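Going by our numbering, 44 is the number at position 37 of the sequence shown; the sequence numbering is gapless. What follows is a short report on a single structure.
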Amino acid sequence: MADYDFRPGGSLKLKGGVADGGIVKKKKKSKSKSKLDDVNERDRERLKELLLSEDMGSTPASASGSNRGSPSPSNGNERKTDAERRFEEAQRRRLLGKVAKIANKTHKDRVNEFNAKLESLSEHHDIPKVGPG
8 MADYDFRPGG SLKLKGGVAD GGIVKKKKKS KSKSKLDDVN ERDRERLKEL LLSEDMGSTP
68 ASASGSNRGS PSPSNGNERK TDAERRFEEA QRRRLLGKVA KIANKTHKDR VNEFNAKLES
128 LSEHHDIPKV GPG
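Below, the structure is given as structure tokens:
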């Protein structure tokens, strides 16, 4: 039992603390706000140029230079066949129809429609009762 009589007091001492030259966590460098603002301004300018070019029908030089890998929007229409143009136009019309249909419904109408759909389903889809009773 003499081996177990010695009990050191105090908290656990760890090797290699900060004072002893141990691991020091590096602080993350924060990006300067001026760089972020500059990037945001450039993005806004590009968006404005793209929107203006879509309205005018011409492409800006900076947008085509920055997106070297992707084709510019106006040049894509020149290479499309008549069938592709008609297909995209039909898709666009369908999408606009769906959006208009959804926009006309109120939340109450959607809930009523959903409840009617649930009522028409078979009992297989019902939530099972759990527990006694």
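Don't be surprised by glycine CBs; every beta carbon is placed ideally from N, CA and C. The structure presented is a predicted model; accordingly, all values stated were derived computationally and were not measured.
Rounded C-alpha distance that separates residue i from residue j
i: Asn-111; j: Lys-105; result: 10 Å
i: His-114; j: Lys-34; result: 49 Å
i: Gln-98; j: Ile-109; result: 17 Å
i: Ser-129; j: Asp-89; result: 46 Å
i: Pro-135; j: Arg-93; result: 49 Å
i: Ala-165; j: Glu-95; result: With the chain covering 8 to 140 only, the question about residue 165 has no answer from this structure.
i: Glu-120; j: Leu-103; result: 21 Å
i: Lys-36; j: Ser-60; result: 39 Å
i: Ser-127; j: Arg-117; result: 16 Å
i: Asp-44; j: Arg-51; result: 10 Å
i: Lys-55; j: Asn-47; result: 12 Å
i: His-131; j: Val-137; result: 15 Å
i: Glu-91; j: Glu-85; result: 11 Å
i: Pro-15; j: Ala-9; result: 14 Å
i: Leu-58; j: Arg-49; result: 14 Å
i: Arg-53; j: Arg-101; result: 30 Å
i: Asp-133; j: Lys-32; result: 55 Å
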